[in-house]
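Heads up, the thing below is written out as structure tokens.
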Amino acid sequence: MLLGASEARLRVERELSVELVWTGPTTRFVPTRRTEQVLLDLIASATTDLFLVSFVAYDVQSVVAALNEAGSRGVRLRVLIEASKEHGGTLDKDLVPKMRSSIPSAEVFTWRKRVEPFVDGKVHAKVAVVDGARAFITSANLTGHALEKNMEAGVLINGGPVPKTLSDHLQALIDVRIIDRA
1 MLLGASEARL
11 RVERELSVEL
21 VWTGPTTRFV
31 PTRRTEQVLL
41 DLIASATTDL
51 FLVSFVAYDV
61 QSVVAALNEA
71 GSRGVRLRVL
81 IEASKEHGGT
91 LDKDLVPKMR
101 SSIPSAEVFT
111 WRKRVEPFVD
121 GKVHAKVAVV
131 DGARAFITSA
141 NLTGHALEKN
151 MEAGVLINGG
161 PVPKTLSDHL
171 QALIDVRIID
181 RA
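Residue numbers (full-length UniProt numbering): 1 to 182.
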């Protein structure tokens with residue numbers, strides 16, 4: 001029984017890992033990786049599909065370059081951001097045209113039709129899902145300040161059911177037209 005339990009634990013450790021991600025002041029006592037580094041690693045590792053969700057996205061040239069490189073490798077890029085007030089969202093400025101021009105191969109989505117109880121809701125999630133196998137859940141928006149200056153926390157999940165479940169959920173939001181192409 002002990003050998004079986006030991007093997008089961010080793011298998012779980014091989015198939016699933018969760019890592020703390022931190023941007024902001026660090027200490028020598030707890031090792032962490034920065035948000036931007038994790039995001040760039042995820043983008044570089046994508047082989048078929050990458051779905052990013054952020055309230056806003058701007059001033060992140062390193063991420064834009066990495067996303068364009070992934071698109072040139074044939075990775076399907078999808079980005080969900082908050083819509084402008086003009087298009088049913090809450091932002092004063094429409095970020096969709098800038099996103100389209102910065103990352104031409106990306107499919108850009110917004111949440112325009114908000115029914116009760118979500119009428120005053122926002123796209124406030126900040127996640128990245130790669131190939132249904134890796135997920136990054138973070139407090140950081142896709143902005144220069146969030147990736148370089150703010151105190152932001154997140155978790156990187158490699159393997160296990162969460163990345164696939166999150167990927168399936170985002171696809172379902174598209175399928176039932178809760179989020180639409182911008």
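Virtual Cβ for every residue (Gly too), placed ideally from N, Cα, C.
In the DSSP assignment, find the alpha helix (DSSP H) that holds residue i and state where it starts and stops.
| i | result |
| --- | --- |
| residue 65 | 61 to 72 |
| residue 154 | Taken as a continuous stretch (DSSP letters only), residue 154 belongs to no alpha helix (DSSP H), being part of the beta strand (DSSP E) at 152 to 159. |
| residue 81 | Per DSSP, residue 81 belongs to no alpha helix (DSSP H); it is in the beta strand (DSSP E), 76 to 81. |
Please report the Cβ distance between residue i and residue j, rounded to the nearest whole angstrom; I am assuming they are in contact, meaning their Cβ atoms lie under 8 Å.
| i | j | result |
| --- | --- | --- |
| residue 71 | residue 106 | 7 Å |
| residue 51 | residue 156 | That belief does not hold up - the Cβ atoms of residue 51 and residue 156 are roughly 15 Å apart, past 8 Å. |
| residue 148 | residue 139 | Contact flag wrong, Cβ pair sits at about 14 Å. |
Going by CA-CA distance only, name the one from the options that's closest to residue i.
| i | options | result |
| --- | --- | --- |
| residue 144 | 165, 63 and 111 | 63 |
| residue 97 | 67, 90 and 81 | 81 |
| residue 109 | 16, 174 and 92 | 174 |
| residue 18 | 27, 180, 74 and 160 | 160 |
| residue 164 | 94, 127 and 180 | 127 |
Ends of the beta strand (DSSP E) at residue i?
| i | result |
| --- | --- |
| residue 21 | 16 to 23 |
| residue 128 | 127 to 130 |
| residue 94 | First-last for residue 94: undefined, no H or E at that position. |
| residue 137 | 134 to 138 |
| residue 49 | 49 to 54 |
| residue 35 | Premise fails: residue 35 lies in the alpha helix (DSSP H), 35 to 45, not in any beta strand (DSSP E). |
| residue 116 | Segment: none, residue 116 is in no beta strand (DSSP E) and carries neither H nor E. |
Cβ contact (3+ pairs, closer than 8 Å) linking the segment 22 to 38 and the segment 160 to 170: no
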